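Remarks on the structure that follows.
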Amino acid sequence: MESGTRHRGPLPQGPPLRDTCSSGALSPASDGEVRHTLTSYDDTDLRRITALYQPRLQQAMTEICSTVSAILHQKKLITETEHQEMKRLHDIHQKMASSEFLCKVVLEKEDARAGRAMWEELINFQHNPQCQKLKSILSEIHAKGSVLLEEITLKALESEGVQEDLKEAHRFHKKTLRDRNQKLVMNSIGGREKVQSFLLEDHYTDLVVISSLREMRVVEHELLVRGRDHERWRQQVIKKELETLKHHQIFRSCFGIESRSTSVAISGVAGIGKTTLLQKIVYDWAMDKIYPQFHFIFHFKFRDLNSYGSTNIRTLILDCYPYLGRDLDMILQDPSNLLFIFDGLDEFRTSISFIDSSGCNPGVSLCPDPVTLCPIADIVRCLIQGKVLNGSSVLITTRPTVLKSLKKSVIHLHAEILGFSAEQRKQYFLNFYDTEVIGEEAFRYVEQNDILYTMCYNPSYCWIICCSLQHTFKEAAGEHLQRPRTITELFSNYIYNILQNHTREQSNSQDVLLRLGDMAYQGISERVIVFSESHLQEHSLQPSQFLSGFLMEFLQTEHSLQREAYSFFHLTVQEFIAALTRFICTPPDKVTQLLDRASSIKDGKFEIFLRFFAGLSCPWYQKLEPFFGELPHATTCRVIDWVGKRLLKKMRNKRKLLNAFHCLYECQNKGLTQAIVTKIRNINFSKTSLSPVDCYLLAWAFELCELIGILNLQYCQITAESLRRLVPVLHKCSELWLLNVNMGDEGINILSQALRRPDCRIQKLVLGSNQIGDLGVKRMLEALRHPNCKIKSLRLWDNSLTDACAEELCAALKDNTSLLKLDLSRNAFTAQSVSSFVHLILTSKSLQDLQLDRNRLEDSGIQLLSGALRNPMCKLQRLGLRENNLTDLSLQYLSIALSSNKIFKYLGLSKNNFTNLSLPFLTELIRNCSHLRVITLFGNEQLSQQVKNELRALNRELQPSRPKLKVEI
């Protein structure tokens with residue numbers, strides 16, 4: 001890539017960039033706009049842009065690489081050998097490698113012809129559903145315009161080496177950070193070594209990181225919402241809709257609203273790996289692997305910064321890196337070479353008030369330079385916003401709950417850690433256990449448990465699960481050991497193992513745990529996850545007890561710059577210990593009050609607590625009785641009674657209802673479950689995001705029912721994997737609402753299997769707005785014609801259906817003796833399909849209602865359809881023809897066809913092209929079709945007010961003899 005090349009000719013001027021951190025993605029640019037921008041670049045600049053965007057292009061082109069290669073080869077812009085190599089990689093499913101190879105070939109060409117041709121094809125493909133990433137890349141290039149070239153030039157100039165006077169400080173600083181970050185530290189349950197360390201290089205597992213900002217639903221528990229979203233995002237990554245980035249692509253890359261990316265925010269739920277990711281970044285920088293443009297990195301943790309009052313940047317750096325004292329003033333003279341890392345904004349006790357884009361926020365003060373004393377919050381804010389050490393870079397991590405505090409700040413790149421992929425989960429298990437055999441066995445067990453397996457997207461959950469299971473997989477072969485199925489059983493097992501290992505060395509460990517639980521509960525109530533020594537003392541927990549080893553099993557200590565700070569190893573450990581303590585210590589007559597109070601909190605912070613509390617009522621708790629004694633039977637009864645009443649109560653809040661089902665699952669009480677679900681006829685989770693785990697537990701509960709009235713999952717965006725979890729209950733539903741759930745081909749196959757079951761109860765199936773397409777419908781045909789299929793109402797509107805599927809669909813349905821209603825509205829059927837519809841109307845023994853609204857049947861289609869309506873064999877009573885581009889001629893056909901029809905009741909004709917000339921035909925149709933009850937004519941703009949009044953008068957005239965008639969106009 002040519003550095004600092006002078007631009008020849010005028011630079012393309014894109015529109016001003018929007019702040020994507022507050023307003024979302026850039027608006028899509030048109031093909032013409034993108035084409036104009038790209039053709040405005042000269043050959044050298046286009047090559048530089050291609051090189052900059054290469055990492056993202058390689059992701060975006062995987063599905064079209066072989067087609068683009070074929071086009072370039074056809075134009076003789078790449079060689080036969082190069083094209084065949086790309087085709088070979090694509091054919092062996094090495095699509096990413098194929099895409100990388102194409103970019104490399106294009107960039108290595110002497111001229112830019114291949115590059116220009118490639119970009120032209122990318123413009124043509126950007127509207128392809130498989131190329132969602134292309135659209136964002138092309139719109140971004142258009143929006144940046146000349147700014148993009150300036151960024152590239154600055155990037156090329158930033159790679160200057162460390163100045164001579166600072167080389168020794170630079171070398172020693174890297175050595176220090178290398179030594180501090182080379183090991184991963186993990187705690188273990190039992191054994192001689194409470195703390196184990198591993199080389200970061202050997203045990204670091206890559207995480208899935210997406211380069212976009214996702215809104216946090218603050219009324220929910222963050223781990224629950226992210227757990228639900230994880231599977232959907234994983235599917236989006238697989239489908240090439242979300243872009244992923246590596247830890248070395250965060251700065252000075254094509255990701256972000258500026259390629260320089262001087263401010264970056266990385267979010268992720270508790271335990272997802274934010275701190276470990278930072279450790280990897282710092283270590284790889286210290287090893288000279290990444291980011292050579294940074295000469296010095298300063299790494300801070302917000303939990304350490306809580307102990308500061310007013311200070312300055314210089315003091316802050318020297319407290320952590322005292323050896324830089326002699327050189328620090330010189331280091332700070334060139335901010336562009338500096339990276340400040342702040343880990344854990346959610347742990348910072350002081351709110352950071354950012355100045356908005358107008359610059360107005362009188363409540364904050366500025367940090368003008370590195371030596372002026374000011375609060376830590378102002379130092380961090382001014383660094384991010386470039387008010388001090390302008391040109392330096394800042395990387396900040398946080399949990400999603402506090403992302404809103406960054407909204408007013410200009411963040412150049414937002415990224416979120418999704419956690420482990422399926423392959424990475426398995427690798428973690430194999431790394432954790434002593435042998436691969438044990439690792440494989442443990443992973444298989446977890447993989448078969450939907451609840452535990454879904455938790456494994458989070459590295460901390462992986463660790464807890466592995467720790468909890470390790471004893472059950474290391475015991476002598478042949479011995480039957482009960483293994484956890486629920487999260488309560490998992491954490492009960494986790495606590496049991498700890499208590500078992502400390503029974504001899506500390507007789508009061510149970511008492512310490514109960515006091516720790518009180519502190520944990522207070523922390524949940526007040527949203528505290530980092531505790532000070534004063535917190536411990538408030539609950540009669542002496543910091544010296546930490547050295548005993550018992551507290552080390554639950555808390556981790558941070559040696560702050562000024563005082564100690566403590567936190568639970570994971571937020572969920574804190575929640576379980578809090579629930580365990582409340583369960584043990586709350587008098588039975590106070591249990592209901594406690595649960596009601598916790599469930600009334602709207603921000604979701606008690607959701608997991610409630611699940612644990614319910615789960616402790618199950619027999620698994622008996623495992624902990626040797627340590628805490630037998631619980632009063634009344635406590636268990638109160639919990640079970642509360643869960644039951646909660647589910648039978650008609651809750652409007654579907655999230656709370658779903659959490660109540662989770663509580664029911666944690667109880668593992670079959671009698672209670674059966675008593676509840678047999679009283680719930682309808683299940684409505686419409687417009688509620690459901691994860692595979694949510695669907696699994698619904699199936700677990702309602703599998704005990706013989707019949708479900710309505711299962712309403714419309715607008716749930718469930719995946720095929722989620723639908724697969726519902727297989728045990730799908731066939732039991734009388735009505736199944738799957739409107740706009742994005743089920744895909746696999747979902748259609750699952751549904752088809754349910755329809756073919758001999759015990760299938762489905763009578764109404766709503767599949768609208770799923771973009772099933774012709775091929776998807778054809779996959780359903782065998783099920784629809786199967787004798788076990790008793791469907792009465794089939795709704796397939798808005799599914800991109802065309803004439804190509806009409807004949808086969810109608811042929812499959814004609815022998816179905818139960819079908820009463822077929823809705824094919826909002827598709828792309830034309831007059832070509834009408835002969836198939838006619839055949840269905842005349843041969844079906846049951847069809848009474850056919851909705852064809854918003855298709856393109858036109859007059860020629862209605863002419864054919866009218867022949868069927870006139871036939872005595874026609875049993876149709878309702879017909880929808882709204883928005884079909886019909887004229888007065890269609891009304892003439894319909895008036896003749898229906899004039900002698902004695903059963904027809906409803907005709908929908910809104911939003912067509914009828915004129916005043918249609919009045920005689922309408923009058924004849926309304927008068928002569930004696931059983932007609934409703935005819936709709938809304939939106940026919942060419943009908944005059946006089947004609948409308950005459951039709952209303954006709955309606956009034958016929959009211960005495962036909963009181964149910966309605967002419968809606």
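Take the sequence shown: its letter number 193 is residue 193 in the UniProt record's numbering, and every next letter is one higher.
The beta carbon of each residue, even a glycine, is placed where N, CA and C say it ideally should be.
Predicted model only: the values in this text are computed from it and were never measured.
task = Specify, as a first and last residue, the run of the beta strand (DSSP E) that residue 298 falls within.
result = Taken as a continuous stretch (DSSP letters only), the beta strand (DSSP E) holding residue 298 covers 296 to 301.
task = For residue 33, collect the residues of the same chain with a Cβ closer than 7 Å to its Cβ; drop the 5 residues on either side in sequence, then sort them by chain order.
result = Taken in chain order, the residues that qualify are 142.
ask   = Exposed or buried, what is residue 519 when buried is set at 16 or more other beta-carbons lying within 10 Å of its beta-carbon?
value = Flag for residue 519 reads buried.
task = Determine the closest residue to residue 300 out of 313, 816, 294, with distance taken between C-alpha atoms.
result = Here the closest residue by C-alpha is 313.
inquiry  = Using 8 Å as the threshold, is the C-beta distance between residue 207 and residue 278 below it?
reply    = In terms of Cβ geometry, residue 207 and residue 278 do not form a close pair [threshold 8 Å].
task = Output the distance between the C-alpha atoms of residue 572 and residue 834, rounded to the nearest integer angstrom.
result = In a straight line, the C-alpha of residue 572 is about 60 Å away from that of residue 834.
request  = Might you give, ordered along the chain, the residues of its own chain that have their beta carbon closer than 8 Å to the beta carbon of residue 529, omitting 5 neighbours on each side?
outcome  = If we look at residue 529 and ignore the five residues flanking it on each side, its Cβ neighbours are 270, 346, 347, 523, 567, 568, 571, 574.
ask   = Residues bridged to residue 970 by DSSP?
value = Any property of residue 970 remains undetermined from this structure, which presents the chain solely from 1 to 969.
query = Hey, out of 112, 499, 66, whose CA is closest to residue 551's CA?
reply = Selection 112, 499, 66 evaluated against residue 551 yields 499 as nearest (Cα-Cα).
query = Under a CB-based cut-off of 8 Å, is residue 783 close to chain D?
reply = Here there is only one protein chain, and chain D is not present.
query = Should residue 118 be labelled buried (16 or more other beta-carbon atoms within 10 Å of its own) or exposed?
reply = Around the CB of residue 118, 16 or more other CB atoms lie within 10 Å, so the residue is classed as buried.
request  = Given a cut-off of 8 Å, decide if residue 243 and residue 133 are closer than it, judged by their beta-carbon atoms.
outcome  = The Cβ-Cβ distance between residue 133 and residue 243 falls below 8 Å.
query = What are the start and end residues of the beta strand (DSSP E) that includes residue 393?
reply = Note, residue 393: beta strand (DSSP E), 393 to 398.
ask   = From 836, 763, 767, pick the residue whose C-alpha is nearest to that of residue 715; which is it?
value = Taking the Cα of residue 715 as reference, the smallest distance to any Cα among 836, 763, 767 is reached at 767.
key: For residue 619, the residue or residues it bridges with in DSSP   = Its beta-bridge partners do not exist; DSSP assigns none.
inquiry  = My output table needs one value for residue 532: the three-state DSSP class, helix, strand or coil.
reply    = Three-state DSSP puts residue 532 in a strand.
request  = Taking residue 685 as the reference, give the member of 656, 671, 706, 907 with the closest Cα.
outcome  = The option with the nearest alpha carbon to residue 685 is 656.
message = For residue 56 and residue 137, which I take to be in contact (beta-carbon distance under 8 Å), what is that distance rounded to the nearest angstrom?
response = Taking a contact as a CB-CB distance under 8 Å, the pair residue 56 and residue 137 counts as one, their CB atoms being some 6 Å apart.
key: Cross-strand partners of residue 908 (DSSP beta bridge)   = Paired residues: 880, 936.
message = Pop quiz: residue 517 and residue 557 are said to be a contact at Cβ under 8 Å. What is the actual Cβ separation, rounded to whole angstroms?
response = The Cβ separation is near 19 Å, so there is no contact.
Residues near residue 492 in its chain [Cβ-Cβ closer than 7 Å; skip 5 each side] = In chain order, 620, 621, 623, 624 place their CB closer than 7 Å to the CB of residue 492, counting only its own chain and leaving out the 5 sequence neighbours on each side.
ask   = If we count the other Cβ atoms within 10 Å of its Cβ and call it buried at 16 or more, is residue 401 buried or exposed?
value = Around the CB of residue 401, 16 or more other CB atoms lie within 10 Å, so the residue is classed as buried.
query = Can at least three beta-carbon pairs, one atom from the segment 108 to 116 and one from the segment 86 to 97, be found at a separation below 8 Å?
reply = Short answer: they don't touch.
query = Taking three-plus beta-carbon pairs below 8 Å as touching, is the segment 434 to 453 in contact with the segment 401 to 415?
reply = Output reads no: the segment 401 to 415 does not touch the segment 434 to 453.
query = Closest to residue 973 by CA distance: which of 865, 884, 285, 873 is it?
reply = Residue coverage of the chain in this structure runs from 1 to 969, which leaves residue 973 outside it and unanswerable.
query = Cβ of residue 281 within 8 Å of Cβ of residue 418?
reply = Not a contact, by the Cβ cut-off of 8 Å.
ask   = Mind checking residue 323: buried by the 16 CB within 10 Å criterion, or exposed?
value = Answer is exposed; the Cβ neighbour count stays below 16.
Residue 810: first and last residue of the uninterrupted alpha helix (DSSP H) it sits in = Annotation for residue 810: the continuous alpha helix (DSSP H) segment containing it runs 803 to 813.
Which of helix, strand or coil DSSP assigns to residue 428 = Shown here, residue 428 sits in a helix according to DSSP, grouped into three states.
task = Using a threshold of 8 Å, state whether the C-beta atoms of residue 462 and residue 420 are closer than that.
result = If you check the CB distance, residue 462 and residue 420 come in under 8 Å.
ask   = Just curious, the alpha helix (DSSP H) that residue 49 is in, first and last residue?
value = Element bounds for residue 49: 43 to 60.
inquiry  = If contacts are defined as beta-carbon pairs under 8 Å, then residue 486 and residue 668 qualify, I think. What distance do you get, rounded to the angstrom?
reply    = Right, their Cβ atoms sit about 6 Å apart.
Contact between the segment 869 to 882 and the segment 849 to 859 (3+ Cβ pairs under 8 Å) = With the cut-off at 8 Å, the segment 869 to 882 and the segment 849 to 859 touch.
message = To test your reading of the DSSP string, which unbroken beta strand (DSSP E) runs of 3 or more residues are found completely within the segment 641 to 703?
response = List check, beta strand (DSSP E) in window: 682 to 684.
message = Measuring only the C-alpha atoms, how far is residue 609 from residue 601?
response = Rounded to whole angstroms, residue 609 to residue 601 spans 12 Å at the Cα level.
request  = Look up residue 206 in the DSSP assignment and say whether it is helix, strand or coil.
outcome  = Collapsing the DSSP output to three states places residue 206 in coil.
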